Structures are given as structure tokens and as C-alpha cells.
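S.K.: Line order of the protein sequences matches chains A and B.
Per numbering that gives the first Met the number 0, residue 0 is the first one in the first sequence, and the count goes up by one each step.
Per numbering that gives the first Met the number 0, residue 0 is the first one in the second sequence, and the count goes up by one each step.
Ideal Cβ positions, reconstructed from N, Cα and C, are used throughout, including at glycine.
The structure presented is a predicted model; accordingly, all values stated were derived computationally and were not measured.
Below is a structure I'd like to ask you about.
Number of protein chains: 2
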Amino acid sequence: MANEVILLDTWASMFGMRARIALAEKSVKYEYKEEDLRNKSPLLLQMNPIHNKIPVLIHNGKSICESAIIVQYIDEVWNDKASFMPSDPYERAQARFWVDYSDKKVYDTWKKMWLSKGEEYEEGKMELISIFKTLEGALSDKLFYGGDTFGFLDIGLIPFYSWFYAFETYGNFKMETECPKLMAWTKRCMEKDSVSKSLPDQKKVYDFVVSIKKALGLD
Amino acid sequence: MANEVILLDTWASMFGMRARIALAEKSVKYEYKEEDLRNKSPLLLQMNPIHNKIPVLIHNGKSICESAIIVQYIDEVWNDKASFMPSDPYERAQARFWVDYSDKKVYDTWKKMWLSKGEEYEEGKMELISIFKTLEGALSDKLFYGGDTFGFLDIGLIPFYSWFYAFETYGNFKMETECPKLMAWTKRCMEKDSVSKSLPDQKKVYDFVVSIKKALGLD
Numbered sequence: 000m001a002n003e004v005i006l007l008d009t010w011a012s013m014f015g016m017r018a019r020i021a022l023a024e025k026s027v028k029y030e031y032k033e034e035d036l037r038n039k040s041p042l043l044l045q046m047n048p049i050h051n052k053i054p055v056l057i058h059n060g061k062s063i064c065e066s067a068i069i070v071q072y073i074d075e076v077w078n079d080k081a082s083f084m085p086s087d088p089y090e091r092a093q094a095r096f097w098v099d100y101s102d103k104k105v106y107d108t109w110k111k112m113w114l115s116k117g118e119e120y121e122e123g124k125m126e127l128i129s130i131f132k133t134l135e136g137a138l139s140d141k142l143f144y145g146g147d148t149f150g151f152l153d154i155g156l157i158p159f160y161s162w163f164y165a166f167e168t169y170g171n172f173k174m175e176t177e178c179p180k181l182m183a184w185t186k187r188c189m190e191k192d193s194v195s196k197s198l199p200d201q202k203k204v205y206d207f208v209v210s211i212k213k214a215l216g217l218d
Numbered sequence: 000m001a002n003e004v005i006l007l008d009t010w011a012s013m014f015g016m017r018a019r020i021a022l023a024e025k026s027v028k029y030e031y032k033e034e035d036l037r038n039k040s041p042l043l044l045q046m047n048p049i050h051n052k053i054p055v056l057i058h059n060g061k062s063i064c065e066s067a068i069i070v071q072y073i074d075e076v077w078n079d080k081a082s083f084m085p086s087d088p089y090e091r092a093q094a095r096f097w098v099d100y101s102d103k104k105v106y107d108t109w110k111k112m113w114l115s116k117g118e119e120y121e122e123g124k125m126e127l128i129s130i131f132k133t134l135e136g137a138l139s140d141k142l143f144y145g146g147d148t149f150g151f152l153d154i155g156l157i158p159f160y161s162w163f164y165a166f167e168t169y170g171n172f173k174m175e176t177e178c179p180k181l182m183a184w185t186k187r188c189m190e191k192d193s194v195s196k197s198l199p200d201q202k203k204v205y206d207f208v209v210s211i212k213k214a215l216g217l218d
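And the structure:
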């Protein structure tokens with residue numbers, strides 16, 4: 000069977016990066032197709048007709064959508080390499096729980112802080128810091144969320160690192176001060192090629208975020 | 000090892016029902032603890048400190064939260080019976096996708112219709128019908144979402160059936176007219192003891208919903 004793998008993605012997407020890291024971890028060769036979210040391609044609309052969102056993994060013509068589901072799919076299909084998932088069902092449930100938590104919390108709270116002023120801005124900022132402190136608590140004293148090895152939850156969370164400079168600059172706080180253990184974990188992750196080569200530069204993400212806010216007339 | 004299983008739940012919860020069905024399918028004996036959501040127990044707050052929500056499964060003192068994650072946990076721990084999950088990774092990704100879709104769409108859209116009037120009500124109603132038509136499309140001509148057998152996505156979706164009378168009455172539409180294939184599927188599911196014994200009566204759910212709206216002063 001031909002093994003044609005295509006990823007529809009946008010370079011700055013926190014969620015697209017999960018798929019890129021997972022593919023790199025499994026050494027899967029794929030075609031990367033950059034999407035312009037203001038002018039989505041017919042292929043994206045066809046392959047994710049329900050949400051019209053990136054990332055979409057297209058494997059031999061079939062589409063898989065939603066980043067956490069894509070990462071699990073990659074893990075299950077390319078199973079010749081070590082699984083991303085912990086072997087214990089309770090640990091697996093915990094990893095899924097925290098990925099789900101980050102899905103529900105990080106992006107929406109960042110948007111609240113980024114796009115508002117005054118009281119709502121302050122609320123968003125405190126919430127965003129509190130979310131990362133909570134995630135730091137879940138790391139505890141482990142090397143990686145996966146324990147001694149980089150796994151599903153590490154893949155789920157490390158993309159946020161590329162947005163840290165934007166979070167810090169708009170929020171006027173320092174991740175290093177707020178979450179030193181989490182920052183040490185980001186450094187360990189960034190030593191992996193699968194991560195460092197999949198994440199864009201933090202300043203480039205910040206410049207992108209500034210340009211979007213200007214384009215929205217909110218600056 | 001002792002196998003102590005406790006479910007913190009509320010009888011009318013669409014999400015708690017998923018856990019009940021999964022436990023019944025695997026013939027797991029457990030203690031059911033009804034929660035009063037207006038006065039949550041210290042055990043619930045301790046066992047789900049992040050979301051303070053039901054359902055929570057407590058297995059030998061450890062808590063598992065979020066209904067879709069609970070169902071996967073039950074599937075993986077009590078693996079002496081057939082898995083809820085399709086054997087094919089693509090089918091598994093699809094099952095996860097539609098459970099996630101229903102998580103994101105059904106309850107919020109129902110609330111939009113239930114708690115609003117005028118244009119927003121009409122919008123909510125049309126959206127709710129459209130969601131179930133979309134879910135019916137995903138069933139296609141299969142007996143169950145799991146194919147010939149009742150599986151993960153069936154467990155994820157069938158609890159909504161117990162709310163259909165409330166949806167229909169507040170929305171002034173008929174599921175039988177809008178989604179006849181989906182209705183035929185609900186009948187097949189309800190022939191299973193694991194489902195029929197886990198779902199409350201539709202009229203009881205409706206009365207509950209009426210009483211909540213009154214208590215909110217919105218009637």
C-alpha cells in the first residue's frame with residue numbers, strides 16, 4: 000500500500016505543532032501544506048467539512064482531524080517505534096485528561112487576555128498564569144510528563160512554549176519566575192530534534208500575533 | 000488487589016450515563032453515589048479538584064475524570080471483555096472524533112435553545128437539529144456506530160436519547176421526522192440492558208429540565 004501522508008497546517012498553530020512533533024518522533028515522511036486561514040484551500044474544506052480547521056492529517060486519502068486524535072492515530076499506525084502512551088491505563092487516562100484540560104483552557108484564556116483591556120485583561124492574565132502553574136503541578140518532579148521519556152502529554156503541551164514570549168509580553172509576566180520547573184522541562188524538550196525542528200521561533204510568533212491584532216483594528 | 004469502584008454521578012447527566020453504560024457493558028460492580036450539583040460533596044471536590052464536575056470514576060482510591068476518558072479507562076482496565084474500540088486505527092480516530100464533536104456541540108447548543116428566546120432560540124433549534132442530522136450521517140447504514148456491534152461511539156451518543164423528549168418539547172420538532180435512521184439506532188441500543196437500565200425516563204428528564212428553568216426564574 001502506498002503510504003501517502005499530507006499535513007494541512009499553519010506554521011504558528013499550537014495544535015498543528017503537535018502533529019508535526021508526533022510525525023517527527025515516528026520518522027514519518029510527509030508533505031506539509033501551509034494553509035492561509037483567511038483563504039482556506041478547497042482541500043481543507045473537503046477534508047475537514049465539520050470544523051474547517053487545521054491541522055488535518057491525510058493518510059492515503061483519508062482525513063483525521065483534531066490534534067489530540069491525530070497524535071493518537073500516528074501513535075497507533077506507526078507502532079514500530081515506542082508508543083507515546085504510558086503503559087498503565089491510569090497514567091494514560093491522566094495524560095488524556097491534561098491534554099484535554101490544555102485544549103479547553105490555554106487558547107481561550109490567552110485570547111481573553113490578548114483581546115481585552117482593564118478588568119477582563121487582568122482576569123485573563125491571572126487565569127493564564129494559573130493554568131500553567133496547574134500544568135507545572137501535574138509535571139511534579141518528573142523529567143517529562145511521560146516520566147523518564149517524552150510522551151503523549153509532552154507532545155500535547157510543548158507547542159505552547161513557542162507562544163510563551165507572546166504570553167509574557169502581552170501579559171507582562173515571566174514564565175521563568177512563575178513556573179521555573181515547567182521552564183526546565185521546556186529546555187529538556189527543546190533538546191530533542193523532533194521538538195526544536197517543529198516549533199517556530201518565539202519572536203516570529205509574537206510578530207505574527209502583533210500583526211493579527213493590528214489587522215483586527217484592535218491595537 | 001481490592002477492586003473498589005465508585006461512580007460520582009447525577010442521574011440526569013448525559014455524560015454520567017456514558018460511564019454507567021460502560022460499567023454495565025463490562026459487568027463491573029460499583030457503588031453509585033448521587034451528587035447534588037447545587038451542594039457538591041467534599042469527595043467530589045477532592046476527587047475532581049480541576050473541574051469540580053461529575054462524572055468521576057474512583058478506582059481503588061484514584062480518580063478518573065471526563066466521561067470520554069472514563070469510558071476509555073474502563074475499556075482498557077476491564078479488558079477481559081470485547082473492547083469498545085474498533086480494531087482499525089482510522090475507525091478509532093473516527094469514533095473519537097464524533098464523541099469529541101458531540102461533547103463540543105450538543106449540550107451547549109441545547110442550552111442556547113433552552114435558555115433563550117426569539118432569534119437566538121430559533122438559531123439554537125436549527126443548530127441542534129443540524130447536529131443530530133450530522134451525527135445521523137456518520138451512522139450511515141450501519142446497525143451501530145461500532146458497525147455490527149455496540150461500541151465507543153454508541154456509548155458516547157446514546158445518553159442523548161434520554162434528553163430527546165426535552166429537546167423535542169422545547170424545540171417543537173420531532174426527532175422521528177428529522178432523523179429517522181438515528182431513531183431506529185436508538186431503538187436497537189435500547190434493546191440492550193446495559194443501555195436501558197442506565198438511562199432515565201425521558202419524561203423524568205423533561206420534568207427535571209422544567210424545574211431547573213423555573214428555579215432559574217426563566218420560565
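1. Since A/Cys188 and A/Asp153 are thought to touch, with beta carbons under 8 Å apart, how far apart are those beta carbons, to the nearest angstrom?
2. Residues of chain A with CB under 9 Å from B/Phe96, in chain order?
3. Taking Cβ positions only, does B/Asp99 come closer than 8 Å to chain A?
4. Taking a cut of 8 Å between CB atoms, which residues from the stretch 183–202 of chain A lie near chain B?
5. With respect to 7 Å, is the separation between the Cβ of A/Asp206 and the closest non-hydrogen atom of the ligand PLP below this value?
6. For chain A, find out if any of its Cβ atoms is closer than 8 Å to the Cβ of B/Pro54; answer yes or no.
7. Do you know how far the Cα of B/Val27 is from the Cα of A/Tyr120?
8. Of the choices A/Asn78, A/Ile53, A/Phe83 and A/Gly60, whose alpha-carbon is the least far from that of A/Val66?
9. Could you pull the start and end residues of the beta strand (DSSP E) that B/Ile157 belongs to?
10. Would DSSP call B/Gly150 helix, strand or coil?
11. Once DSSP output is grouped into helix, strand and coil, what is the label at B/Leu22?
12. Taking beta-carbon pairs under 7 Å, can you tell me which members of the stretch 17–34 of chain A lie near chain B?
13. Please state if the CB of A/Ile49 and the CB of B/Asp99 are separated by a distance shorter than 8 Å.
14. Give a yes or no on whether the C-beta atoms belonging to B/Met13 and B/Tyr106 are separated by under 8 Å.
15. For the stretch 125–157 of chain A, which residues have a beta carbon sitting closer than 8 Å to at least one beta carbon of chain B?
16. Does the stretch 13–24 of chain B come close enough to the stretch 155–163 of chain B that 3 or more CB-CB pairs lie under 8 Å?
17. Is A/Tyr169 near A/Met112, with beta carbons less than 8 Å apart?
18. Terminal residues of the continuous alpha helix (DSSP H) containing A/Tyr164?
19. Measuring only the C-alpha atoms, how far is A/Lys39 from A/Lys203?
20. Find out if the Cβ-Cβ distance for the pair B/Ala214, B/Gly150 is shorter than 8 Å.
21. Put A/Phe96 into one of helix, strand or coil per three-state DSSP.
22. List the endpoints of the continuous alpha helix (DSSP H) containing B/Tyr144.
23. With distances taken between CB atoms, is the gap from B/Ile5 to B/Lys25 smaller than 8 Å?
24. Comparing the C-beta of A/Tyr106 with each C-beta of chain B, is any distance below 8 Å?
25. Are any of the Cβ atoms in chain A nearer than 8 Å to that of B/Ala92?
26. Flag A/Pro88 as yes if its beta-carbon sits less than 8 Å from any beta-carbon of chain B, otherwise no.
27. Whole angstroms are fine: how far does the CA of A/Asp35 sit from the CA of A/Ser129?
28. In whole angstroms, what is the alpha-carbon distance linking B/Trp184 and B/Glu175?
29. Report the three-state DSSP secondary structure of A/Tyr89 (helix, strand or coil).
30. Check the Cβ of B/Glu119 against every Cβ in chain D and list those closer than 9 Å, keeping chain order.
31. In the DSSP assignment, what are the bridge partners of B/Cys79?
32. Going along the chain, which residues of its own chain have a beta-carbon closer than 8 Å to the beta-carbon of A/Asp200, five neighbours each way excluded?
33. Anything in chain B within Cβ reach of A/Val76, meaning under 7 Å, just list it in chain order.
34. Going by alpha carbons, who is nearest to A/Val209 out of A/Lys110, A/Glu122 and A/Asp79?
35. Tell me whether A/Asp8 sits in a helix, a strand or coil according to DSSP, three-state version.
36. In this structure, what does DSSP give as the bridge partners for A/Cys188?
M.R.: Taking the structure as given:
1. Cβ atoms of A/Cys188 and A/Asp153 come within 8 Å of each other, at about 6 Å.
2. What B/Phe96 touches in chain A: Ile49, Ile63, Cys64, Glu65 and Ile68.
3. By this cut-off, B/Asp99 is an interface position.
4. Listed by position along the chain: nothing, the set is empty.
5. With respect to small molecules bound, the structure shown includes none, and the ligand PLP cannot be examined in it.
6. No - not a single Cβ of chain A is within 8 Å of the one on B/Pro54.
7. Here the C-alpha atom of A/Tyr120 lies approximately 47 Å from the C-alpha atom of B/Val27.
8. Note that residue 66 of chain A corresponds to Ser in the displayed sequence, not to Val. Checked all of A/Asn78, A/Ile53, A/Phe83 and A/Gly60; the closest Cα to A/Ser66 is A/Ile53.
9. No beta strand (DSSP E) contains B/Ile157, which DSSP labels as neither H nor E.
10. Three-state result, B/Gly150: coil.
11. Of the three classes helix, strand and coil, the one that applies to B/Leu22 here is helix, per DSSP.
12. Result list empty, no residue passes.
13. Not in contact: B/Asp99 and A/Ile49 (Cβ atoms no closer than 8 Å).
14. At the C-beta level, B/Met13 and B/Tyr106 come within 8 Å of one another.
15. The stretch 125–157 of chain A vs chain B, Cβ under 8 Å: Thr133.
16. Yes, the stretch 155–163 of chain B touches the stretch 13–24 of chain B.
17. A contact, by the Cβ cut-off of 8 Å.
18. That run of the alpha helix (DSSP H) goes Phe163 to Gly170.
19. For A/Lys39 and A/Lys203, the gap between their C-alpha atoms comes out near 22 Å.
20. Not closer than 8 Å, so no.
21. A/Phe96: helix per DSSP, three-state reduction.
22. Careful: B/Tyr144 lies outside any alpha helix (DSSP H) and carries neither H nor E.
23. Not in contact: B/Ile5 and B/Lys25 (Cβ atoms no closer than 8 Å).
24. Not an interface residue.
25. Taking Cβ atoms only, chain A reaches closer than 8 Å to B/Ala92, which makes this a yes.
26. Yes, A/Pro88 counts as interfacial toward chain B.
27. A straight-line Cα-Cα distance of about 32 Å links A/Ser129 and A/Asp35.
28. Taking the straight line joining both Cα atoms gives about 11 Å.
29. Collapsing the DSSP output to three states places A/Tyr89 in a helix.
30. The structure shown contains no chain D; its protein chains are A and B.
31. What sits at residue 79 of chain B in the sequence shown is Asp, not Cys. Residue pairing by DSSP places B/Asp79 opposite no residue, since no beta bridge is assigned to it.
32. Only Ser161 meet the Cβ criterion.
33. Within 7 Å of the CB of A/Val76, the CB atoms of chain B belong to Pro88, in sequence order along the chain.
34. It is A/Lys110.
35. Assignment of A/Asp8 by DSSP, reduced to helix, strand and coil, places it in the strand class.
36. Beta-bridge pairing links A/Cys188 to no other residue.
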